[in-house]
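Student:
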Amino acid sequence: MSSERVAADEGYQRGLGSRQVQMIAIGGAIGVGLFMGAGANIAKAGPSILLMYALAGVIIFFIMRALGELLMHRPVSGSFAEYARDFFGPFFGYVTGWTYWLLWIAVCMSELTAAAIYIHFWFPAVPQWCSALFFLVVLFGANLISVKVFGEVEFWFSMVKVTAIIGMIVIGLGVVTLGFSQAGDGASFTNLWAHRGFFPTGIGSSLMTLQGVMFAYIAVELVGITAGESKDPKTTLPKAINTLPWRIIVFYVGALTVILSVVRWTEFSAGTSPFVKGFEVIGIPLGASIVNFVVLTAALSSCNSGIYSTGRMLRALAANGEAPGFFARLNSRKSPATGISFSAVVMSLGVVINYLIPDQAFEYVTSVSTVCAIWTWLTILGCHIRYRRAVRLGTLPASSFPAPGGSVFSWVAVAFLLFVLVLTAMDPVARVSLYIGGIWAVLLVAGWLCWARASRAAKALAPEQPAAQELPADTV
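Numbering follows numbering that gives the first Met the number 0, with no gaps: position 66 of the sequence shown is 65.
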């Protein structure tokens, strides 16, 4: 580790305006998990998947309100790792920071490959690895230029996703209520219960989809990473978090309600996008190409967010001596260029991995992402519970954005997330992610012990060196 430390937020440019933070928050709630993953969940649970998305959405709102209270207490880039360090000690800050970094590395690996597959839809002669590499280079460059460029790119990516979903809802409602399009009389709200009921495969099967449902909400906490670069975090962040319920209602529950009314749930299967299926049944010209473009945008948006967050998290870790000191460097445009570059290099391995084992890699990588996300969310909730206790004891000031219900809803969310982990252990495929999580935990502990040993060795040698304050100013 470098002995040179910087504050986690020092040197950043507050270049994200309210418009961009709001759209980043909206985009964080809309990803490939909705556009593609919902098809497999519908096939397993039928219309009851709407209840699962709503239930998970309530828990996500509890998590985000807990994070919001912490952010207003201390808005800082790399927020969850910093809070874990404050309330649970350096080791937990180190684990959370590196685990969130791994989360986005895994997400970006899968999204780059997905984007390449979508391009293959239009240009089958283009090698898959070429498209993946092209997108990685473009997004890498956008993040290196400045945070303003990142914010603008993410704004327009999110705009495409939002417009597509709202368009699907409006068209679908027209089909159901007015009966136009090729769907005809087959489109009806009665499709939500007419085919073996609302729970056609049983409540147990519905609950087992919660693992996949939670994956769809990964990135919603990204708004916390923007705290150090928002122009007015005290205003923009609460507003972004408070709009989360209507985003979940409209983009998840609303959109899927309309789609399941237009298309019977029995027509969905794993690998089938609900949106593609909906446009096919309605019979919109070029519908498949339109949805393919939207899904491509969703994948690039997720990867763009991942590159952004990994660089910031590595810098926060370096600032606390938990990663090599060179990750703390900023380029002339105030971007953590070294951390972003290192993350991009690791992400590029995903192109090779998905080329070698395309069928298994995506599923395994996304399941790892979910487990990493659950750790991050549990950390946020644990820090919030500790913070509220400190406020009650009078050792910390109250936040200007208190979460409703205090720490009670945080405990509810903790219990829910632990329940999802139990369900993950019961699923033979998803269970692999827990094994990988165990290996990652061993690596983290080994890294911590090595760094602790190096730190003790450095301290042992310190008396033989001149004291830092005695050195000339130009040598420090």
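Don't be surprised by glycine CBs; every beta carbon is placed ideally from N, CA and C.
Compute the Euclidean distance between the alpha carbons of Tyr99 and Gly185, then round it to the nearest angstrom.
Tutor: 45 angstroms
Student: Where does His194 sit, in a helix, a strand or coil, going by DSSP?
Tutor: coil
Student: Cα-Cα, which of Gly446, Thr235, Gly349, Phe134 is closest to Val364?
Tutor: Gly349
Student: Going by beta carbon distance, what residues of the same chain come within less than 8 angstroms of Ile116, once the five residues before and after it are set aside?
Tutor: Gln127
Student: Considering only the alpha carbon of each residue, which of Glu321, Glu279, Ala402, Met346 lies closest to Gly88?
Tutor: Nearest neighbour of Gly88 by Cα position, chosen from Glu321, Glu279, Ala402, Met346, turns out to be Glu321.
Student: What is the DSSP secondary structure of Tyr216, reduced to helix, strand or coil?
Tutor: coil
Student: With a threshold of 16 other CB atoms inside 10 Å of the CB of Cys129, please say whether the residue is buried or exposed.
Tutor: exposed
Student: At what residues does the alpha helix (DSSP H) containing Asn303 begin and finish?
Tutor: For Asn303, the enclosing alpha helix (DSSP H) covers residues 286–318.
Student: Please identify the residue among Phe198, Arg387, Val252 whose C-alpha is closest to the C-alpha of Phe400.
Tutor: Arg387
Student: Below 8 angstroms on the Cβ atoms is my guess for Leu416 versus Leu377; work out the distance and round it to an integer in Å.
Tutor: 6 angstroms
Student: Terminal residues of the continuous alpha helix (DSSP H) containing Ala429?
Tutor: From DSSP, Ala429 is part of no alpha helix (DSSP H); its letter is neither H nor E.
Student: Only counting the same chain, and skipping five residues up and downstream in sequence, which positions put a Cβ closer than 8 angstroms to that of Pro471?
Tutor: Because the pLDDT of Pro471 is 42, which lies under 50, any placement of that residue in the model is unreliable, and the question is left without a value.
Student: For the candidate residues Leu395, Arg452, Ala113, whose alpha-carbon lies nearest to that of Ser272?
Tutor: Ala113
Student: For Trp155, I'd like the list of residues in its chain whose CB is within less than 6 angstroms of its CB, leaving aside the five on either flank, ordered along the chain.
Tutor: none
Student: Give, in chain order, every unbroken run of the alpha helix (DSSP H) that is at least 4 residues long and sits entirely within the segment 124–178.
Tutor: 127–144, 146–177
Student: From the DSSP output, in three-state form, read off Arg385 for me.
Tutor: helix
Student: Please name the residue, chosen from Leu191, Ile217, Val294, Val212, that lies closest to Thr265 on a Cα-to-Cα basis.
Tutor: Leu191
Student: Would DSSP call Leu395 helix, strand or coil?
Tutor: In the structure shown, Leu395 sits in coil (DSSP, three-state: anything other than H, G, I, E or B).
Student: Since Glu153 and Asn303 should fall inside the 8 angstroms C-beta cutoff, what is the C-beta to C-beta distance between them, to a whole number of angstroms?
Tutor: 6 angstroms
Student: Can you give the Cα-Cα distance for Leu49 and Ala327, rounded to whole angstroms?
Tutor: 43 angstroms
Student: Measure the CB-CB distance between Arg64 and Pro396 and report whether it falls below 8 angstroms.
Tutor: no
Student: Given this structure, state the Cα-to-Cα distance separating Val125 from Leu111, to the nearest angstrom.
Tutor: 15 angstroms
Student: Inspect the CB distances between the segment 199–219 and the segment 35–46 and report whether three or more fall short of 8 angstroms.
Tutor: yes
Student: Among Trp97, Val407, Thr369, Met425, which residue has its Cα nearest to the Cα of Ile219?
Tutor: Contrary to the premise, residue 219 reads as Val rather than Ile in this sequence. Closest option to Val219, Cα to Cα, is Thr369.
Student: For Thr176, which option in Ile168, Ser187, Gly324, Arg391 has the closest C-alpha, if you only look at C-alpha atoms?
Tutor: Ser187
Student: Got a sec? Which residues, its chain only, sit under 8 angstroms from Ile373 by beta carbon, not counting five neighbours each side?
Tutor: Met213, Leu416, Val419, Leu420
Student: Among Leu33, Ile435, Ile248, which one has its Cα closest to the Cα of Leu54?
Tutor: Ile248
Student: Is Glu68 near Ser398, with beta carbons less than 8 angstroms apart?
Tutor: Yes. Within cutoff.
Student: So Ile384 and Trp410 are in contact, right, with Cβ under 8 angstroms, and what is the actual spacing, rounded?
Tutor: 7 angstroms
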